[in-house]
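J.:
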Amino acid sequence: MGDNVTGADAGQVTVIRGADLAGAGRGDLLLRDGLVAEVGSVRAPKGAAVVDADGLVALPGLVDLHTHLREPGREDAETVRSGSAAAAAGGFTAVLAMANTSPVTDTAEAAERVLDLGRAAGLVDVQPVGAVTKGLAGEELAELGLMARSRAAVRVFSDDGKCVHDARLMRRALEYVKAFDGVVSQHAQDPRLADGQACCHEGELSGRLGLPGWPGVAEETIVARDVMLARHTGSRVHVAHVSTAGSVEVVRWAKAQGISVTAEVTPHHLMLTTDLLTDYDPVFKVNPPLRPQEDVEALRAALADGTVDAVATDHAPHARHDKEHAFAEAAFGMLGLEQALSVVATVMVQPGLMTWADVAAAMSTRPARIAGLTGQGRPLEPGEPANLVLVDPAATATVDRADSRSLSRNNPWHGRELTGQVRATYLRGTQTHEHGQTQQQGESA
Ligand SMILES: NC(=O)N[C@@H](CC(=O)O)C(=O)O
Ligand SMILES: [Zn+2]
Ligand SMILES: [Zn+2]
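Under the UniProt record's numbering, the residues of the sequence shown are numbered 1 to 445, in order.
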């Protein structure tokens with residue numbers, strides 16, 4: 001069977017044998033009619049596909065709160081279809097598609113178009129994020145209510161790529177989305193403290209490399225302001241790609257006050273540090289920038305103790321001609337979907353900072369809840385949608401950027417050895433990805 005399995009028979013019955021059901025012991029799963037029909041010790045019905053999951057961990061399908069799919073506008077870098085294939089290969093069953101496309105997702109029609117492109121691809125649920133401001137210009141609120149009431153039922157709003165810098169607009173947006181339990185996901189970057197040129201963590205290294213500095217305080221001041229706006233409005237605010245120990249402190253304090261704040265961390269901020277910039281390789285240029293080891297440690301601790309709610313990829317594909325430039329001119333952003341789970345397994349599970357049940361919470365349950373996706377992030381229990389991923393926790397592989405389903409190659413993990421490999425992904429019972437030989441037909445036929 002190929003690597004990406006599409007158009008599988010919707011009537012297919014599948015038995016997954018002997019998986020480690022993260023936190024709930026070892027057992028079989030019977031998938032039928034798009035649902036988990038039985039859990040425990042299952043007899044395979046005649047004609048069922050039987051998957052030997054001995055030694056594999058089954059997790060609820062992963063949910064990415066932060067994906068850039070580039071369609072419409074930059075189909076040379078990614079399309080909804082190619083990004084969906086990358087997501088399925090990474091174990092995801094749902095992604096939130098960021099609004100910084102061209103045109104921007106700032107109307108109900110634009111949101112419905114993204115939703116429909118996702119359905120046509122059929123590999124993951126593609127849920128559009130709506131822009132907070134028209135054209136991401138930061139001046140006028142977009143049609144938040146119309147996007148919320150559209151077929152796309154938008155709940156997450158973000159100007160990601162840009163910060164909603166105007167406090168008055170941010171306050172209005174928070175007040176507005178409260179009516180439908182929406183959330184504003186903030187790209188926290190004060191444009192006066194870190195402008196569009198800022199591309200290296202501000203410190204000794206940025207001085208030595210002669211790169212414009214992006215200080216942690218440019219993030220922290222916005223996070224601090226926004227949690228106070230969330231407290232004032234009683235609305236939900238979400239911190240996108242949190243990158244510093246200081247931001248973590250603010251979020252920890254805010255949660256202790258009962259403020260409705262959530263935060264996500266990217267795989268790259270959990271593993272990579274600013275000293276990778278010494279070779280001026282633009283693959284490591286990202287917003288917010290890679291930080292020093294102290295910040296990485298603080299982010300790992302905050303994810304482990306739940307201060308940071310979720311891992312989100314910030315998958316940011318870029319075409320060669322945008323990325324392969326002198327460091328200062330190259331585009332910001334790196335790929336994330338295909339390696340996210342392996343990175344989390346390598347830096348969090350292997351050293352004992354998180355269990356697989358914790359991974360399910362941080363990469364499926366909590367992101368689904370934050371985004372208001374009711375059919376995702378559900379436990380693997382009878383009657384629940386059969387959205388799941390099978391992971392080989394012990395398998396190790398070296399990342400090769402050429403293997404990607406993404407149309408882009410800006411993969412910061414290229415050449416690295418990671419542990420924990422996705423073996424198969426199922427969306428409502430249909431296999432959307434298979435790696436290697438996991439399936440035998442008709443055990444009891
Ligand atoms: N993360 C990035 O460096 N780039 C993102 C935008 C963003 O997330 O800010 C992109 O759209 O390329
Ligand atoms: Zn961003
Ligand atoms: Zn982003």
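The C-beta atom is built at its ideal place from N, Cα and C for all residues, glycine as well.
#1: According to DSSP, is residue 441 part of a helix, a strand, or is it coil?
#2: Relative to the alpha-carbon of residue 165, which residue among 18, 73, 189 has its alpha-carbon at the smallest distance?
#3: Please name the residue in 212, 253, 217, 262 whose C-alpha comes closest to that of residue 236.
#4: So does residue 218 have its beta carbon nearer than 7 Å to some heavy atom of ligand 2?
#5: Using alpha carbons as the reference points, say which of 434, 430, 413 lies closest to residue 32.
#6: Three-state secondary structure (DSSP) at residue 419?
#7: Looking at residue 118: is its Cβ nearer than 8 Å to the Cβ of residue 80?
#8: Could you tell me the boundaries of the beta strand (DSSP E) in which residue 32 lies?
#9: Please find out if some non-hydrogen atom of ligand 2 comes closer than 7 Å to the beta-carbon of residue 240.
#10: Give the DSSP-derived three-state secondary structure of residue 268 in the structure shown.
#11: Inspect the CB distances between the stretch 319-335 and the stretch 402-413 and report whether three or more fall short of 8 Å.
#12: Answer with buried or exposed for residue 128, where buried requires no fewer than 16 other C-beta atoms within 10 angstroms of its C-beta.
#13: Determine the closest residue to residue 172 out of 138, 26, 379, with distance taken between C-alpha atoms.
#14: Under 8 Å, do residue 356 and residue 63 count as touching if we go by C-beta distance?
#15: Please list, following the chain, all residues that have a C-beta closer than 6 Å to any non-hydrogen atom of ligand 1.
#16: Looking only at C-alpha atoms, which of 199, 338, 204, 404 sits nearest to residue 287?
#17: Taking the alpha-carbon positions, what's the residue 312 to residue 151 distance?
#18: Let me confirm a value: residue 276 is counted as buried when at least 16 other C-beta atoms fall within 10 Å, else exposed. Which label applies?
#19: Hey, how far is the Cα of residue 439 from the Cα of residue 349?
#20: Between 107, 114, 227, which has its C-alpha nearest residue 134's C-alpha?
#21: Using 10 angstroms around the beta-carbon of residue 160, count the other beta-carbons present and answer buried if the total reaches 16, otherwise exposed.
#22: Starting from residue 40, trace the beta strand (DSSP E) both ways and give me its first and last residue.
#23: Buried or exposed, going by whether 16 or more other CB atoms sit within 10 Å of the CB of residue 187?
#24: Give me the Cα-Cα distance between residue 182 and residue 371, rounded to the nearest whole angstrom.
#25: Taking only three categories from DSSP, how would you classify residue 158?
#26: Give the secondary structure of residue 107 by DSSP, where H, G and I count as helix, E and B as strand, and everything else as coil.
#27: Quick one: any contact between the stretch 91-109 and the stretch 63-73, if contact means 3 or more CB pairs under 8 Å?
#28: Using a threshold of 8 Å, state whether the C-beta atoms of residue 252 and residue 307 are closer than that.
#29: Mind checking whether residue 428 and residue 391 have CB atoms under 8 Å apart?
#30: Based on Cα-Cα distance, which residue from 75, 39, 91 lies nearest to residue 342?
#31: Which of helix, strand or coil does DSSP assign to residue 434?
#32: Consult DSSP for residue 176 and reduce its assignment to one of helix, strand or coil.
#33: Looking at residue 455 and ligand 3, is the gap between the Cβ and the nearest heavy atom below 7 Å?
#34: In whole angstroms, give me the CA-to-CA distance for residue 379 and residue 386.
#35: Ignoring anything shorter than 4 residues, give me the alpha helix (DSSP H) runs that lie fully in the stretch 163-214, in order along the chain.
T.: Looking at the coordinates:
#1: Residue confidence is low: residue 441 scores 47 on pLDDT, short of 50, so the model does not pin down where it sits. Its coordinate-derived value is still stated next. In this structure, residue 441 counts as strand in the three-state DSSP scheme.
#2: 189
#3: 262
#4: no
#5: 430
#6: strand
#7: yes
#8: 26-32
#9: yes
#10: helix
#11: yes
#12: buried
#13: 138
#14: no
#15: 68, 100, 160, 161, 187, 286, 287, 314, 316, 332, 333
#16: 199
#17: 25 Å
#18: exposed
#19: Note on residue 439: pLDDT 46, under 50, position unreliable in the model; the coordinate value appears next. For residue 439 and residue 349, the distance between alpha carbons rounds to 27 Å.
#20: 107
#21: buried
#22: 35-40
#23: buried
#24: 8 Å
#25: coil
#26: coil
#27: yes
#28: yes
#29: no
#30: 91
#31: strand
#32: helix
#33: Because the chain here runs from 1 to 445, residue 455 falls outside it and cannot be looked at.
#34: 9 Å
#35: 167-178, 204-209
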